[in-house]
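Letter 203 of the sequence shown, counting from 1, is numbered 207 in my numbering, and no numbers are missing. All remarks here apply to the structure that follows.
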Amino acid sequence: MLLSKHGEATTLWHVAKVRDVVKRPLITVDGNASVTEAAKIMADHRISGVVVTERGEPKGLITERDLVTKVLAAGRNPDKTKAGEVMSSPLITVDIESTLLEAVDLMNRKKVRRLIVTENDVVVGLFTIRDVISLSRVCSYCGKPIKPRLPSQPASEADVVVECGCGAVYMMECAKTVVYCIFCSGKLVAEVYYPAPEDTFSG
Ligand SMILES: [Zn+2]
Ligand SMILES: [Zn+2]
Numbered sequence: 005m006l007l008s009k010h011g012e013a014t015t016l017w018h019v020a021k022v023r024d025v026v027k028r029p030l031i032t033v034d035g036n037a038s039v040t041e042a043a044k045i046m047a048d049h050r051i052s053g054v055v056v057t058e059r060g061e062p063k064g065l066i067t068e069r070d071l072v073t074k075v076l077a078a079g080r081n082p083d084k085t086k087a088g089e090v091m092s093s094p095l096i097t098v099d100i101e102s103t104l105l106e107a108v109d110l111m112n113r114k115k116v117r118r119l120i121v122t123e124n125d126v127v128v129g130l131f132t133i134r135d136v137i138s139l140s141r142v143c144s145y146c147g148k149p150i151k152p153r154l155p156s157q158p159a160s161e162a163d164v165v166v167e168c169g170c171g172a173v174y175m176m177e178c179a180k181t182v183v184y185c186i187f188c189s190g191k192l193v194a195e196v197y198y199p200a201p202e203d204t205f206s207g
């Protein structure tokens with residue numbers, strides 16, 4: 005179980021649902037498109053996996069790993085290889101009302117890092133391990149876990165943290181103490197943000 009030492013976080017995994025963190029809309033590529041086109045879509049949207057459709061119906065998933073193992077390492081021409089030929093299928097789906105714990109458990113059992121999210125049996129988005137990881141951050145100064153906040157929850161003063169341009173995150177109290185980021189030495193300006201899952205699909 006994730007973060008079992010921290011009471012609050014454990015509750016989050018049980019209570020929070022895939023609905024709270026899923027990124028929409030779903031980015032897709034037609035199965036007849038070339039692998040090059042699929043790779044361009046992934047690059048443009050800065051995502052590591054794209055859903056492959058056939059006649060509009062989601063049929064599989066192409067990930068960075070598929071591009072490496074099934075195209076590059078296999079010596080195939082990405083311009084002449086169709087997306088549908090290298091996709092991974094079937095899709096592993098999770099219902100949008102599932103808890104994060106159920107979704108992570110499914111990822112572990114199926115040994116995948118991405119799940120297709122369905123709502124009333126319609127595919128609506130992608131849920132990645134990155135979405136889960138982004139909920140678990142620690143203060144770069146004191147090392148204490150930063151209380152995860154879901155996008156659907158209202159933010160409170162206690163949730164406020166300071167994020168440095170280098171990616172380091174500090175609790176407000178610690179940011180006042182260090183002033184200069186311990187990783188990049190940059191001045192921690194009061195660029196306050198509220199912790200939330202970010203980095204769409206980039207799992
Ligand atoms: Zn701290
Ligand atoms: Zn920094």
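Built from N, CA and C at the ideal position, the CB exists for glycine as well. Remember, predicted model here, so these are calculated numbers, not experimental data.
Taking only heavy atoms of ligand 2 into account, decide whether any of them is closer than 6 Å to the Cβ of residue 129.
As a position in the sequence shown, residue 129 is number 125, starting the count at 1. No, Cβ of residue 129 sits at least 6 Å from all heavy atoms of ligand 2.
Which residues does DSSP pair with residue 53 in a beta bridge?
Within the sequence shown, residue 53 is the residue found at index 49, counting from 1. BP columns for residue 53 point to 67.
Would the C-beta of residue 77 count as close to ligand 2, meaning under 6 Å from any of its heavy atoms?
Here residue 77 corresponds to residue number 73 of the sequence shown, with the count starting at 1. Judged by the Cβ position, residue 77 fails to qualify as a neighbour of ligand 2 at the 6 Å threshold, every heavy atom of the ligand being at least this far.
Length of the line joining the Cα atoms of residue 148 and residue 174:
The residue you call residue 148 lines up with position 144 of the sequence shown. The residue you call residue 174 lines up with position 170 of the sequence shown. Computed Cα separation, rounded: 10 Å.
So that I know if they touch, is there some Cβ in chain C lying closer than 7 Å to that of residue 21?
No chain C appears in this structure, which consists of one protein chain only.
Specify which residues have a beta carbon nearer than 5 Å to any heavy atom of ligand 1, listing them in chain order.
Around ligand 1, the residues selected by a Cβ distance under 5 Å to any of its heavy atoms are 143, 145, 146, 175, 178, following chain order.
Nearest to residue 23 (by Cα), restricted to the options 178, 164, 130:
Working through the sequence shown from its first residue, we reach residue 23 at position 19. Proximity to residue 23 across 178, 164, 130 peaks at 130, based on C-alpha coordinates.
Sequence-distant residues of its chain with Cβ nearer than 7 Å to residue 178 (five each side left out):
The residue labelled residue 178 in the question sits at position 174 within the sequence shown. These residues qualify, in order along the chain: 143, 145, 146.
Those residues which DSSP pairs with residue 58 across a bridge:
Within the sequence shown, numbered from 1, the residue matching residue 58 stands at position 54. Beta-bridge pairing links residue 58 to 61.
Counting only runs that start and end within the segment 60–123, where is the alpha helix (DSSP H) found for 4 or more residues in a row?
Qualifying alpha helix (DSSP H) stretches, in chain order: 87–90, 104–114.
Below 6 Å, is the gap between the Cβ of residue 107 and the nearest heavy atom of ligand 2?
Indexing the sequence shown from 1 puts residue 107 at position 103. No - ligand 2 has no heavy atom lying nearer than 6 Å to the Cβ of residue 107.
On the CB-based measure, 16 or more other CB atoms within 10 Å of its CB, does residue 93 come out buried or exposed?
Counting from one through the sequence shown, the residue named residue 93 turns up at place 89. Label assigned to residue 93: exposed.
DSSP on residue 141, reduced to helix/strand/coil?
Residue numbering aside, residue 141 sits at position 137 when the sequence shown is read from its first letter. Of the three classes helix, strand and coil, the one that applies to residue 141 here is strand, per DSSP.
Mapping the DSSP letters down to three states, classify residue 21 as helix, strand or coil.
For the purposes of this step, residue 21 is identified with residue 17 of the sequence shown, where counting begins at 1. In the three-state reduction of the DSSP assignment, residue 21 falls in the strand class, which pools E and B.
Report the rounded CA-to-CA distance for residue 225 versus residue 185, giving the unit in angstroms.
Not covered by the structure: residue 225. The range shown for the chain is 5 to 207.
Closer than 8 Å is the cut-off here; do at least three beta carbon pairs connect the segment 42–50 with the segment 104–124?
They do not touch, by the three-pair rule.
On a Cα-Cα basis, can you pick out the residue from 32, 140, 102 that is closest to residue 123?
On the sequence shown, residue 123 is found 119 positions in, with the first residue counted as 1. For residue 123, the nearest C-alpha among the options comes from 102.
Inter-residue Cα distance where the pair is residue 70 and residue 114
What you label residue 70 is simply residue 66 of the sequence shown in a count that begins at 1. What you label residue 114 is simply residue 110 of the sequence shown in a count that begins at 1. One C-alpha to the other measures close to 17 Å.
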